[in-house]
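Asks: The following block contains the structure, expressed as structure tokens.
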Amino acid sequence: MFQLNDSEEIYSFENEDEIKKAIETDKIGEVILDYKYKSITYKMNRIKCIRLSDFIFWIQSDFIRIHLGQLLCLIFDLINKVQIMESQGIEHYYLDLNRIWLKLQENSYPSIIYQFLYYHIHFTGYQSPFYEKKDSSLPIKASIKIKEIIQIIIYRCFNRIHLKWTDPRKREELYNAIIKPIMDLCKQNSSSIFQINIQIQETLNQYKYQDDKKNNIVQSLQIDDNVADFIGSQREKAISKVKKDLNDLIEFGSQYRQIGIDFLLQQQIPIISKHLESYSKVKLEYFIQAQQQGNNLQKREIKIKQILQQKVQILIPESLKKYDEYFKFEITKQEIGTLEQEIITSVLKSQQVQYFNNTYWLHSNNQHIDDFIFAAIPKIINQYVDDKIEEMITYKNLRLIDEFF
């Protein structure tokens, strides 16, 4: 639908063997492991990879169209993914919508009209707590958490699904027959995700789910809206302009990094959705919003640097004292200044800080996000100070040896 830039997301991990096993089984994009600082970076091709939280938001905003059959298959596939991973002894204790990805197959992409969707599901953030939440370290098994995720998906998406009938009573009847049993199983502590998938499979069979590309039957149930309803419609006619407008937005937003693009998409997609029936007249206005968001990001970065500066100026002398007994080097003010800047730069690039740039969803409706970012700094800064001072001492030692010989 639009050309998102490649992006990175970064997480922490605890156990090297377990994270290696998870990656071997469930790899998406290019993966880089930093064993020293225990961080994992995913480099994503965002044309081929969609974050589930984005996908659900697009449906919730009535931007993209999917059938009820496709929604049920998505839930079925999510459960299958959890079962496969846990059957291989791979646990994910920090799963949420932001850490689930759909890797799209060739020529498969959601649109403002119905499309065939083929994808593989991948998880990220296997051992990384939710640093953006107060209960960040509370681990929950994926087979339990996925039931909560399913409820969120249904709650946000079902009312945007178009069925053959528009009568509210008929819609409620179908909800009670199809969706309520799934929701009830998700709410029961005693139910297993296996039972949920049995329920979904029975529903797909009962309502004659079809996935017939040859006859253009787009992954639908017999109660779903007719496949051709939006072919030749105003929505279809709007596709080329929507693509151009979103690609222009992404190009403009890229100066504010991926988090700025995410912010603009979240602001503009609901606006686009409301005007799809007469989209030729729409002109998007987002320049002021983008600048305000850019200013907010800049202010936050300045505040982080100020906090780091204060901490570093205290920690460097304390750390240098450890070497006084063994080495007597003259360290100039210029060297101290360089050391401070290197430490600050390293901390800003650390997974604990960069984690908050994974997606704007971590910031959306989160009044305490700045507090969580600032709270992450003291937990990591000591190691970076010690490492940089050790590098400097080693360098001075080597220079001394060279001068001596």
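In the numbering used here, the protein residues as written are 520 to 924. Where is the CB? At the ideal position from N, CA and C, for every residue including glycine.
Decide if residue 684 is buried, meaning its Cβ has at least 16 other Cβ atoms within 10 Å, or exposed.
Replies: Counting from 1 along the sequence shown, the entry for residue 684 is found at position 165. Answer is exposed; the Cβ neighbour count stays below 16.
Asks: Thinking C-alpha only, which one of 600, 616 and 654 is nearest residue 668?
Replies: As a first step, residue 668 is located in the sequence shown; it is residue number 149 there, counting from the start. Closest option to residue 668, Cα to Cα, is 616.
Asks: How many whole angstroms separate the CB atoms of residue 586 and residue 738, which I take to be in contact at a CB cut-off of 8 Å?
Replies: Position 67 of the sequence shown holds residue 586. Position 219 of the sequence shown holds residue 738. Right, the Cβ-Cβ distance comes to about 6 Å (below 8 Å), so this counts as a contact.
Asks: Could you spell out the range, first to last residue, of the beta strand (DSSP E) harbouring residue 560?
Replies: Counting from one through the sequence shown, the residue named residue 560 turns up at place 41. Taken as a continuous stretch (DSSP letters only), the beta strand (DSSP E) holding residue 560 covers 558–563.
Asks: Quick check: the Cα distance between residue 484 and residue 894, rounded to an integer number of angstroms?
Replies: This structure cannot speak to residue 484, because the chain is shown only from 520 to 924.
Asks: Straight-line CA distance for residue 838 to residue 647?
Replies: For the purposes of this step, residue 838 is taken as the residue at position 319 of the sequence shown. For the purposes of this step, residue 647 is taken as the residue at position 128 of the sequence shown. Cα to Cα, the separation comes out at about 29 Å.
Asks: For residue 580, which residues in the same chain have their Cβ closer than 7 Å to its Cβ, ignoring the five residues on either side in sequence?
Replies: To locate residue 580, count along the sequence shown from 1; it is residue 61. Correct list, in chain order: 788, 789 and 792.
Asks: Do three or more CB pairs link the region 691–708 to the region 660–678 at distances below 8 Å?
Replies: Flag = yes, the region 691–708 and the region 660–678 touch.
Asks: When burial is assigned at 16 or more other CB atoms within 10 Å of the CB, is residue 807 buried or exposed?
Replies: Residue numbering aside, residue 807 sits at position 288 when the sequence shown is read from its first letter. Exposed, since its Cβ has fewer than 16 Cβ neighbours within 10 Å.
Asks: When you compare only the Cα positions, how much space is there between residue 528 and residue 571?
Replies: Indexing the sequence shown from 1 puts residue 528 at position 9. Indexing the sequence shown from 1 puts residue 571 at position 52. Between residue 528 and residue 571, the C-alpha separation is close to 14 Å.
Asks: Is the region 551–560 in contact with the region 758–775, if contact means three or more CB pairs nearer than 8 Å?
Replies: Too few Cβ pairs lie closer than 8 Å, so no.
Asks: Roughly how many angstroms separate the alpha carbons of residue 605 and residue 852, rounded to a whole number?
Replies: For this step, residue 605 is matched to residue 86 along the sequence shown. For this step, residue 852 is matched to residue 333 along the sequence shown. Straight-line Cα distance between these residues: approximately 55 Å.
Asks: Would you grab the beta carbon distance between residue 712 and residue 662 for me? Rounded to a whole angstrom, and I think it's under 8 Å.
Replies: Along the sequence shown, read from residue 1 onward, the residue named residue 712 stands at position 193. Along the sequence shown, read from residue 1 onward, the residue named residue 662 stands at position 143. About 5 Å separates the two Cβ atoms, so the contact holds.
Asks: Which partner residues does residue 744 have in the DSSP bridge list?
Replies: Indexing the sequence shown from 1 puts residue 744 at position 225. For residue 744, which the question treats as bridged, DSSP gives no partner whatsoever.
Asks: Can residue 826 and residue 908 be called in contact, C-beta distance under 8 Å?
Replies: Your numbering for residue 826 matches position 307 in the sequence shown. Your numbering for residue 908 matches position 389 in the sequence shown. Contact: no.
Asks: Please report how far the alpha carbon of residue 782 lies from the alpha carbon of residue 774, in whole angstroms.
Replies: In the sequence shown, residue 782 corresponds to position 263, counting from 1. In the sequence shown, residue 774 corresponds to position 255, counting from 1. Roughly 13 Å between the two C-alpha positions.
Asks: Residue 682 by DSSP, collapsed to three states: which one?
Replies: If you number the sequence shown from 1, residue 682 lands on position 163. Residue state, collapsed to three classes: strand.
Asks: Taking 8 Å as the cut-off, does the region 866–876 touch the region 896–910 (at least 3 CB pairs, one atom from each stretch)?
Replies: Output reads yes: the region 866–876 touches the region 896–910.
Asks: Going by CA-CA distance only, name the one from 575, 618, 820 and 596 that's closest to residue 546.
Replies: What you label residue 546 is simply residue 27 of the sequence shown in a count that begins at 1. When only C-alpha atoms are compared, the closest one is 618.
Asks: On a CA-only basis, which of 554, 718 and 575 is nearest residue 678? Give me that one, please.
Replies: Stepping through the sequence shown from its first residue, residue 678 is reached at position 159. Considering only alpha carbons, the answer is 575.
Asks: Please give me, in chain order, every unbroken run of the beta strand (DSSP E) with length at least 3 that falls completely inside the region 565–603.
Replies: The qualifying runs are 568–570.
Asks: Might you give, ordered along the chain, the residues of its own chain that have their beta carbon closer than 7 Å to the beta carbon of residue 542, omitting 5 neighbours on each side?
Replies: The residue you call residue 542 lines up with position 23 of the sequence shown. Answer for residue 542: 550, listed in chain order.
Asks: If you compare alpha carbons, which of 914, 522, 865 and 800 is closest to residue 628?
Replies: Your numbering for residue 628 matches position 109 in the sequence shown. When only C-alpha atoms are compared, the closest one is 522.
Asks: Closer than 8 Å by C-beta to residue 524: which residues in its own chain qualify, once you throw out the five before and the five after it? Chain order, please.
Replies: Sequence index remark: in the sequence shown, residue 524 carries index 5 (1-based). Result list for residue 524: 565, 769, 773, 777 and 780, in chain order.
Asks: Quick check: what's the CA-CA separation for residue 651 versus residue 599?
Replies: On the sequence shown, residue 651 is found 132 positions in, with the first residue counted as 1. On the sequence shown, residue 599 is found 80 positions in, with the first residue counted as 1. One C-alpha to the other measures close to 28 Å.
Asks: Give me the DSSP bridge partner(s) of residue 552.
Replies: Locating residue 552 in the sequence shown gives position 33, counting from the first residue. DSSP, once it has assigned bridges, lists 559 as partnering residue 552.
Asks: Which residue wins for smallest C-alpha separation from residue 745, given the options 654, 751 and 736?
Replies: Mapped onto the sequence shown, residue 745 falls at position 226. When only C-alpha atoms are compared, the closest one is 736.
Asks: Which residue wins for smallest C-alpha separation from residue 828, given the options 803, 857 and 720?
Replies: Residue 828 sits at position 309 when you count from the first residue of the sequence shown. Considering only alpha carbons, the answer is 857.
Asks: For residue 654, does the three-state DSSP call read helix, strand or coil?
Replies: Counting from 1 along the sequence shown, the entry for residue 654 is found at position 135. In this structure, residue 654 counts as coil in the three-state DSSP scheme.
Asks: What do you get for residue 608, buried or exposed, if any count of 16 or more other CB atoms within 10 angstroms of its CB means buried?
Replies: What you label residue 608 is simply residue 89 of the sequence shown in a count that begins at 1. Exposed: under 16 other Cβ atoms inside 10 Å.
Asks: Taking the alpha-carbon positions, what's the residue 710 to residue 903 distance?
Replies: Residue numbering aside, residue 710 sits at position 191 when the sequence shown is read from its first letter. Residue numbering aside, residue 903 sits at position 384 when the sequence shown is read from its first letter. Between residue 710 and residue 903, the C-alpha separation is close to 47 Å.
Asks: Nearest CA to the CA of residue 755: which residue from 741, 691, 799 and 719?
Replies: Within the sequence shown, the letter at position 236 stands for residue 755. Taking only the C-alpha atoms, the option nearest residue 755 is 799.
Asks: How close, in whole Å, do the beta carbons of residue 563 and residue 531 come, if the pair is a contact with beta carbons under 8 Å?
Replies: Here residue 563 corresponds to residue number 44 of the sequence shown, with the count starting at 1. Here residue 531 corresponds to residue number 12 of the sequence shown, with the count starting at 1. Residue 563 to residue 531, Cβ: 18 Å. No contact.
Asks: Taking the C-alpha atoms as reference points, what is the distance between residue 759 and residue 584?
Replies: In the sequence shown, counting from the first residue as 1, residue 759 sits at position 240. In the sequence shown, counting from the first residue as 1, residue 584 sits at position 65. Rounded to the nearest angstrom, the two C-alpha atoms are 16 Å apart.
Asks: Could you check what DSSP says for residue 531 in three-state terms: helix, strand or coil?
Replies: Sequence index remark: in the sequence shown, residue 531 carries index 12 (1-based). Residue state, collapsed to three classes: strand.
Asks: Quick one: what does DSSP say residue 506 is sitting in, helix, strand or coil?
Replies: Outside the displayed range of the chain (520 to 924) lies residue 506, so it cannot be described from this structure.
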